[in-house]
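Respectively, the protein sequence lines represent chains A and B.
With my numbering, the residue at position 72 of the first sequence is 72, and numbering never jumps.
With my numbering, the residue at position 19 of the second sequence is 19, and numbering never jumps.
As structure tokens, the structure follows; a few thoughts come after it.
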Amino acid sequence: MTHTLHRVLELTENNFDNDIVVMMMAAKGFNKDQSAEKKKEFLRIVGNFDPVNFGEGVRLQLPDKLNGKNVQFLNEIIKTFNDDSTPTAVFDNPEKVEGLIKELKKRDLGLSVIVSGNVEMIEKLLKKQDLSMLPYAVEHRVRKKDDPVGIYGNYYLLPSLHEIEIESMCGHGMIPYSLIQRVSIDLKLGRIDIDSASKILERPCSCGIFNHEKAKEILRHIKEGE
Amino acid sequence: MMNRDAHDTILRREVCPTKAFYSNQLEYPRIIRQIFSNPTLVKKDTGVFGRGTEEVKTIDVTKRINSNEIAFNIELGRPGIGTRLKEINKMTKAIAKVGVRFEEGNPLTKLMKDEVSGELIDDILEEKVLSAIIEFTVVPEKVHILLDTIFQTKVNTVFVVGSFSLFENNGQTLGEKYIKQAGYEVSKNGKVNIGLGRKSEGIVVQ
Numbered sequence: 001m002t003h004t005l006h007r008v009l010e011l012t013e014n015n016f017d018n019d020i021v022v023m024m025m026a027a028k029g030f031n032k033d034q035s036a037e038k039k040k041e042f043l044r045i046v047g048n049f050d051p052v053n054f055g056e057g058v059r060l061q062l063p064d065k066l067n068g069k070n071v072q073f074l075n076e077i078i079k080t081f082n083d084d085s086t087p088t089a090v091f092d093n094p095e096k097v098e099g100l101i102k103e104l105k106k107r108d109l110g111l112s113v114i115v116s117g118n119v120e121m122i123e124k125l126l127k128k129q130d131l132s133m134l135p136y137a138v139e140h141r142v143r144k145k146d147d148p149v150g151i152y153g154n155y156y157l158l159p160s161l162h163e164i165e166i167e168s169m170c171g172h173g174m175i176p177y178s179l180i181q182r183v184s185i186d187l188k189l190g191r192i193d194i195d196s197a198s199k200i201l202e203r204p205c206s207c208g209i210f211n212h213e214k215a216k217e218i219l220r221h222i223k224e225g226e
Numbered sequence: 001m002m003n004r005d006a007h008d009t010i011l012r013r014e015v016c017p018t019k020a021f022y023s024n025q026l027e028y029p030r031i032i033r034q035i036f037s038n039p040t041l042v043k044k045d046t047g048v049f050g051r052g053t054e055e056v057k058t059i060d061v062t063k064r065i066n067s068n069e070i071a072f073n074i075e076l077g078r079p080g081i082g083t084r085l086k087e088i089n090k091m092t093k094a095i096a097k098v099g100v101r102f103e104e105g106n107p108l109t110k111l112m113k114d115e116v117s118g119e120l121i122d123d124i125l126e127e128k129v130l131s132a133i134i135e136f137t138v139v140p141e142k143v144h145i146l147l148d149t150i151f152q153t154k155v156n157t158v159f160v161v162g163s164f165s166l167f168e169n170n171g172q173t174l175g176e177k178y179i180k181q182a183g184y185e186v187s188k189n190g191k192v193n194i195g196l197g198r199k200s201e202g203i204v205v206q
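This is the structure:
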């Protein structure tokens, strides 16, 4: 399956419109050559719409001191871009994404833009009068009826749902369950607070779509033993 | 022993101040583990990072499926468990019998003895990877038997199934229609290609 589609965030009690991932991608043999500048421009535009998190896609190699995800961090990431880069960002409300898409449509950079989240919400957003866009294609997770999780095979190998929710926030599954379990223990024992826990959990993720706001919501459940 | 991904993560994040960790060159067949586990490697054949291809992400540019096809993918080993390739072999052989068209750019397809049987080459079957994605398309009439086959195949790992197709003029997709007709459902969350991409001028696609 693909990247953001592993997220099982629709299971959290509240709605999942506070977890929307936007990314830009070029296609090898079609528009990838000399695409780096367009991707840099994409991430600069993203920076104007207050993302919860953002990244270069896969090669985040910056030291932890820049982990505040501020403007300096954004500029440092942009310096590393090449034609293989895949800029990503995650947002916590649809209004920000609507503004971003409007701007991207106006700038017409010519590379593919993918929006992940509640499909119904994304479709409604695209149909709004000031955008009036039709989505091109959609990828869904396929499930058995009345099965909200959608994970099959030997699922007895899996840990708790909250751990899966956090693990799936890295598009490549790079947050190990062992780290989530260790952080959960430290959190319950009061050794770390929720903010620190979220930052520790993001560290193995290189794609920049770990949603800290959502992670904190899940970590609060873990801390309270739910 | 530290697993490959933990190792690469330590290198990337510069966790060790004395650089005691280093990455050595892997040889076949062990290098298969790195190819399917380390998302920071760009595959020479697919041109993308990660374990599969660009799937729906650049479909507005590549037009790699047409309006009467439905694309599916099965990722084994996710979330967070990993898998031996012999488990993937069980699934590729099972769905090959349904009559699917394996995605030629996908790294797993390149490891098959032949695409008709879906069988993977023998000397990689014991290799363990974080996950691998089987990608293929089918005609709508085969969706029912395909999904039944996937969900009835026994593997000793976990897996998830995804599907993508193009939006039709009525705002629906072929995939959703046939998946529901087959007695299954699609998730509320999804990945939407909003159609802003286009081929660069002067590019001739072979």
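Beta carbons: idealized from backbone N, C-alpha and C, even for Gly.
Residue environment, residue i, which counts as buried when at least 16 other CB atoms sit within 10 Å
i, result
"B:ALA132", "buried"
"B:ILE74", "buried"
"A:GLY68", "Low local confidence applies: a pLDDT of 48 at A:GLY68 is under 50, so the model's placement there is unreliable, with the coordinate-based value given in what follows. Classification of A:GLY68: exposed, given that the 10 Å Cβ count is below 16."
"B:THR18", "exposed"
"B:ILE31", "exposed"
Residues near residue i in its chain [Cβ-Cβ closer than 8 Å; skip 5 each side]
i, result
"A:ASP108", "none"
"B:LYS93", "SER117, GLY118, GLU119"
"A:TYR136", "none"
Residue from the options with nearest C-alpha to residue i
i, options, result
"B:ALA71", "B:ILE59, B:PRO79, B:GLY82", "B:ILE59"
"B:THR137", "B:ASN106, B:ASN193, B:GLY82, B:GLN172", "B:ASN106"
"B:THR40", "A:LYS214, A:GLY208, A:ARG143", "A:GLY208"
"B:ASN156", "B:MET91, B:THR53, B:GLU69", "B:MET91"
"A:VAL138", "A:GLU120, A:LYS144, A:LEU104, A:SER85", "A:GLU120"
"A:GLY118", "A:ASP92, A:ILE175, A:PHE210, A:ASN31", "A small fix is needed here, since residue 118 of chain A is Asn in this sequence, not Gly. The shortest C-alpha separation from A:ASN118 is found at A:ASP92."
"A:CYS170", "A:LYS32, A:PHE30, A:PHE54", "A:PHE54"
"B:ASP114", "B:ILE124, B:PHE21, B:LEU26, B:ALA96", "B:ALA96"
"B:LYS57", "A:MET24, A:ASP83, A:GLN72, A:ASN18", "A:MET24"
"A:GLY153", "B:THR173, B:GLY82, B:LEU111", "B:GLY82"
"A:ALA27", "B:LYS63, B:ASN170, B:LYS154", "B:LYS63"
"B:GLU127", "B:ASN170, B:PRO29, B:GLY175", "B:PRO29"
"A:GLY225", "A:HIS212, A:ASP186, A:PHE210, A:GLU213", "A:ASP186"
"A:SER35", "A:LEU111, A:ARG182, A:SER178, A:LYS214", "A:LEU111"
"B:GLU176", "B:LEU147, B:CYS16, B:GLY195", "B:LEU147"
"B:PHE36", "B:VAL98, B:ARG78, B:LYS188", "B:ARG78"
"B:ASN38", "A:LYS223, A:PHE16, A:HIS172", "A:HIS172"
Close beta carbons around residue i, own chain, < 7 Å, minus the five adjacent residues each side
i, result
"A:ILE180", "GLU163, ILE166, GLU167, LEU201"
"A:LYS40", "ILE78, PHE81"
"B:VAL143", "ILE70, TYR178, ILE179, ALA182"
"A:LEU66", "With a pLDDT of 42 at A:LEU66, under the threshold of 50, the predicted position of this residue should be treated as unreliable, though the coordinate-derived value follows. Closer than 7 Å at Cβ, skipping near neighbours: GLN72, PHE73, GLU76."
"A:PRO63", "Only weak support is given to the placement of A:PRO63: the predicted model assigns it a pLDDT of 41, under 50, and the value that follows is read from those uncertain coordinates. None."
Proximal residues of chain A, C-beta to C-beta of residue i below 7 Å
i, result
"B:GLU54", "MET25, ALA27"
For residue j and residue i, believed in contact at Cβ under 8 Å, the rounded distance
i, j, result
"A:THR88", "A:VAL21", "7 Å"
"A:ILE151", "B:VAL160", "6 Å"
"A:THR4", "A:SER116", "4 Å"
"A:ILE192", "A:ARG220", "Contact flag wrong, Cβ pair sits at about 13 Å."
"B:LEU111", "B:ILE121", "6 Å"
"A:ASN18", "B:LYS199", "That belief does not hold up - the Cβ atoms of A:ASN18 and B:LYS199 are roughly 35 Å apart, past 8 Å."
"A:LEU125", "A:VAL97", "7 Å"
Own chain partners of residue i with C-beta closer than 6 Å, once the 5 adjacent residues on each side are dropped
i, result
"B:ILE88", "LEU76, ALA132"
"A:MET174", "PRO204, CYS205"
"B:GLU69", "THR137"
"A:LEU100", "PHE49"
"A:ILE114", "MET23"
"B:PHE167", "THR173"
Where residue i meets chain A, residues with beta-carbon distance less than 8 Å
i, result
"B:TYR184", "VAL142, ARG143, LYS144, LYS145"
"B:ILE121", "By Cβ distance, chain A contributes nothing, its closest Cβ being about 23 Å from B:ILE121, past 8 Å."
Under 8 Å by beta carbon: chain B residues contacting residue i
i, result
"A:PRO51", "Per Cβ cutoff of 8 Å: no residues; A:PRO51 is ~17 Å from chain B at best."
"A:GLY150", "VAL160, VAL161, SER187"
Proximal residues of chain A, C-beta to C-beta of residue i below 9 Å
i, result
"B:ASN156", "GLY153, ASN154, LEU157"
Under 9 Å by beta carbon: chain B residues contacting residue i
i, result
"A:ILE164", "PRO79, GLY80"
Cross-chain neighbours of residue i in chain B, by beta carbon under 7 Å
i, result
"A:MET169", "Here the premise fails: no neighbours, minimum Cβ distance about 10 Å."
"A:LYS79", "Those do not exist, as A:LYS79 stays about 17 Å from chain B at its closest Cβ, beyond 7 Å."
C-beta neighbour in chain D for residue i, strict 7 Å
i, result
"A:PRO87", "Absent from the structure is chain D; the protein chains it does hold are A and B."
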